[in-house]
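Each residue of the sequence shown is one higher than the last, beginning at 129 in my numbering.
Cβ coordinates follow ideal geometry from the N, Cα and C atoms, glycine included.
Notes follow once the structure below has been shown.
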Amino acid sequence: MQQPRDWTIGTHHAWLEPPDALWMKVRGPTSLEDAILILELYRELGRRGPLFVVTDLTEATAVDLKARDHVSWNLQLEWFRSTIYIGAGLLQRAVASSMGFLHSITGKPALIQHFVTTEAEARAIIAHERSLLDKCH
Numbered sequence: 129m130q131q132p133r134d135w136t137i138g139t140h141h142a143w144l145e146p147p148d149a150l151w152m153k154v155r156g157p158t159s160l161e162d163a164i165l166i167l168e169l170y171r172e173l174g175r176r177g178p179l180f181v182v183t184d185l186t187e188a189t190a191v192d193l194k195a196r197d198h199v200s201w202n203l204q205l206e207w208f209r210s211t212i213y214i215g216a217g218l219l220q221r222a223v224a225s226s227m228g229f230l231h232s233i234t235g236k237p238a239l240i241q242h243f244v245t246t247e248a249e250a251r252a253i254i255a256h257e258r259s260l261l262d263k264c265h
C-alpha cells in the first residue's frame, strides 16, 4: 500500500490519501506565498489525475485578497473531481461561491463544491462520488 505524503505550507498542513484525496487543514491566515505553494501542490498532484480536495477551515482566519485572486485566476479545473469544505463560515462560503461564479462568467466551468461540518460527511461525499465514477466506467 502506498504511504500518504504530507506537506506543510506556512501554518497549514496537507496530506494525500491515495489514490485521489488531498486533505488540507488550514490554520490561521493564508498569505499570497501560501496560496502560490498550495496551487503548486494542486498542480503537481492534479497532473497525475483529478483530485478530491478536502479543506478543513475550522481554524482558518483571513485569506489575503492577492492570494484569493492568484488561486482564482490560475486554478485548472482538470486537477479536481470536487472540493469539499469542512466548517466553512458564511464569509468563507461566499468567497468560495464567488470564485465559482467568476469562473462561470469568464467561460470556465465551475468547480463542484460541497460544504459540510464534519470529516465523516466529507468522506461520505467522496465515497458517493467514487461510486458514481465506478458506474460510469
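{"Item": "Quick one: any contact between the region 216-223 and the region 154-163, if contact means 3 or more CB pairs under 8 Å?", "Value": "no"}
{"Item": "Using a Cβ-Cβ cutoff of less than 7 Å, which residues in the same chain neighbour G177 once the five nearest sequence positions on both sides are dropped?", "Value": "D148"}
{"Item": "Determine, using beta carbons only, whether L144 comes closer than 8 Å to chain C.", "Value": "In the structure shown, chain C does not exist; there is a single protein chain."}
{"Item": "Nearest to H141 by alpha carbon, out of V182, D262, I253 and R171?", "Value": "V182"}
{"Item": "Identify the continuous alpha helix (DSSP H) that holds I254 and give its terminal residues.", "Value": "E247 to C264"}
{"Item": "Identify whether S210 lies in helix, strand or coil by the three-state DSSP scheme.", "Value": "strand"}
{"Item": "What three-state label does DSSP hand Q204 in the structure shown?", "Value": "coil"}
{"Item": "Could you have a look at R196 and say whether DSSP puts it in helix, strand or coil?", "Value": "helix"}
{"Item": "How would you call L150, buried or exposed, if buried means at least 16 neighbouring beta carbons within 10 angstroms?", "Value": "buried"}
{"Item": "Considering just the uninterrupted stretch of the beta strand (DSSP E) at L144, what are its terminal residues?", "Value": "H140 to E145"}
{"Item": "Would you mind working out which of A248, P146, M152 and L173 sits nearest G138, comparing C-alpha positions?", "Value": "M152"}
{"Item": "Is G174 helix, strand or coil when you go by DSSP?", "Value": "helix"}
{"Item": "Going by C-alpha distance, which of Y213, S225 and A224 is nearest R251?", "Value": "Y213"}
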